[in-house]
Amino acid sequence: MQVAIDGPASAGKSTVAKIIAHNLGYIYIDTGAMYRACTLIAHDNNVDYGDEKAILNLIDHSTIDFKQEDGEQKVYVNGKDVSIDIRTPEITENVSQVSALRSIREKMVELQREMAGKHDVIMDGRDIGTTVLPDAEVKIFLIASVASRAKRRFLDFQEKGIHQDLKDIEHDIEVRDYKDSHREISPLKKADDAIELDTTNLTIDEVVAKITEIIQKKQKN
Ligand code: DC
1 MQVAIDGPAS AGKSTVAKII AHNLGYIYID TGAMYRACTL IAHDNNVDYG
51 DEKAILNLID HSTIDFKQED GEQKVYVNGK DVSIDIRTPE ITENVSQVSA
101 LRSIREKMVE LQREMAGKHD VIMDGRDIGT TVLPDAEVKI FLIASVASRA
151 KRRFLDFQEK GIHQDLKDIE HDIEVRDYKD SHREISPLKK ADDAIELDTT
201 NLTIDEVVAK ITEIIQKKQK N
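FYI, full-length UniProt numbering numbers position 29 of the sequence shown as 29, with every residue one higher than the one before it.
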């Protein structure tokens, strides 16, 4: 079973995907974390975020892995836990530029398909239903208002002790949405056969329940 969850930034994709993966015993793959890892690799090597050749070369000589630790999924680059480093404002502001580079996307899509090949998976991102897993049995497109997404991210940051102005978060979300949906290659787009779910007025539990019901219906068919 392949479940694709796409949608704009902070629509709740990873939160619900993690819970569903845990409940159903699926592997969860956070593809946004992979593009963030690429951006971090460029940053740490002082490579321009637009320098496609140099970034690809660095990625070709790096490893990006997910590891399950204490019930949490951690992201490792070259054996180092970068789970926190990939979520700083510097990386968040520049990940759209790096993820728009053709060869970087090709490389990540290849890795993502490899990871998805052997297990039941739930994968979240922007182009999973359209490009990475076009034959996924279940495709969900999660949307929510910018205000509600910014508020969720604000509360999430507060919990982690990170301070960022609500207005700045709103601005970042709008800019990223625009860039992610207007890039040339695999832009953020609902697949024709995806089910759209607006989470603005839904709790996490409600979204989890709705998606689980869709998956279970498919399993019966
Ligand atoms: O889901 P996220 O916010 O962590 O993703 C970070 C960025 O990575 C997002 O702004 C666009 C890019 N991305 C992408 O281009 N394709 C994906 N499948 C997942 C993320």
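In this text, a Cβ means the ideal position worked out from N, Cα and C, and glycines have one as well.
Handout entry: Contact set for T200: own chain, Cβ-Cβ below 6 Å, skip 5 residues either direction
Key = A144, S145, S148
Exercise for the section: Using beta-carbon positions only, say whether K210 and L197 come within less than 9 Å of one another. Expected result: yes
Exercise for the section: Indicate the three-state DSSP secondary structure (helix, strand or coil) for G79 in the structure shown. Expected result: coil
Practice task
Go through its chain and collect everything with a Cβ distance to E174's Cβ below 7 Å, but skip five positions before and after it.
Solution key: V146
Problem - CA-to-CA distance, I169 to V121, given in whole angstroms - result: Cα to Cα, the separation comes out at about 30 Å.
Exercise for the section: State the DSSP-derived secondary structure class of Q97, mapped to helix, strand or coil. Expected result: helix
Exercise for the section: Using 10 angstroms around the beta-carbon of G117, count the other beta-carbons present and answer buried if the total reaches 16, otherwise exposed. Expected result: exposed
Handout entry: Among H22, V3, A194, nearest to D70 - alpha-carbon criterion
Key = Residue nearest to D70 within the set H22, V3, A194 is H22 (criterion: CA-CA distance).
Exercise for the section: Mark residue 262 as exposed unless 16 or more other C-beta atoms lie within 10 angstroms of its C-beta, in which case mark it buried. Expected result: Since the displayed the chain opens at 1 and closes at 221, residue 262 lies outside it and no answer follows.
Problem - Other residues of its chain near L111: CB distance less than 8 Å, five sequence neighbours each side excluded - result: M34, I64
Exercise for the section: Excluding the 5 residues preceding and the 5 following S99 in the sequence, name in chain order all residues of the same chain whose CB lies nearer than 6 Å to its CB. Expected result: Y35
Problem - Whole-angstrom distance between A37 and R126, CA atom to CA atom - result: 16 Å
Handout entry: Rounded straight-line distance, which links the Cα of N46 to that of G12
Key = About 32 Å.
Exercise for the section: Measure the alpha-carbon distance for H61 versus D81 and round it to whole angstroms. Expected result: 17 Å
Exercise for the section: Taking only runs that begin and end inside the segment 1-38, name each unbroken beta strand (DSSP E) of 3 or more residues, in chain order. Expected result: 2-6, 27-30
Exercise for the section: Could you spell out where the beta strand (DSSP E) holding V121 opens and where it closes? Expected result: 121-125
Handout entry: Residue closest to R150, alpha-carbon to alpha-carbon, out of M123, T15, Q164, L58
Key = In the sequence on display, residue 150 carries Ala and not Arg. Out of M123, T15, Q164, L58, Q164 has the C-alpha closest to the C-alpha of A150.
Exercise for the section: Take T203 as the anchor and find which of G79, D48, R152, P89 has the nearest alpha-carbon. Expected result: R152
Practice task
Could you tell me whether any non-hydrogen atom of ligand 1 is closer than 8 Å to the CB of I204?
Solution key: no
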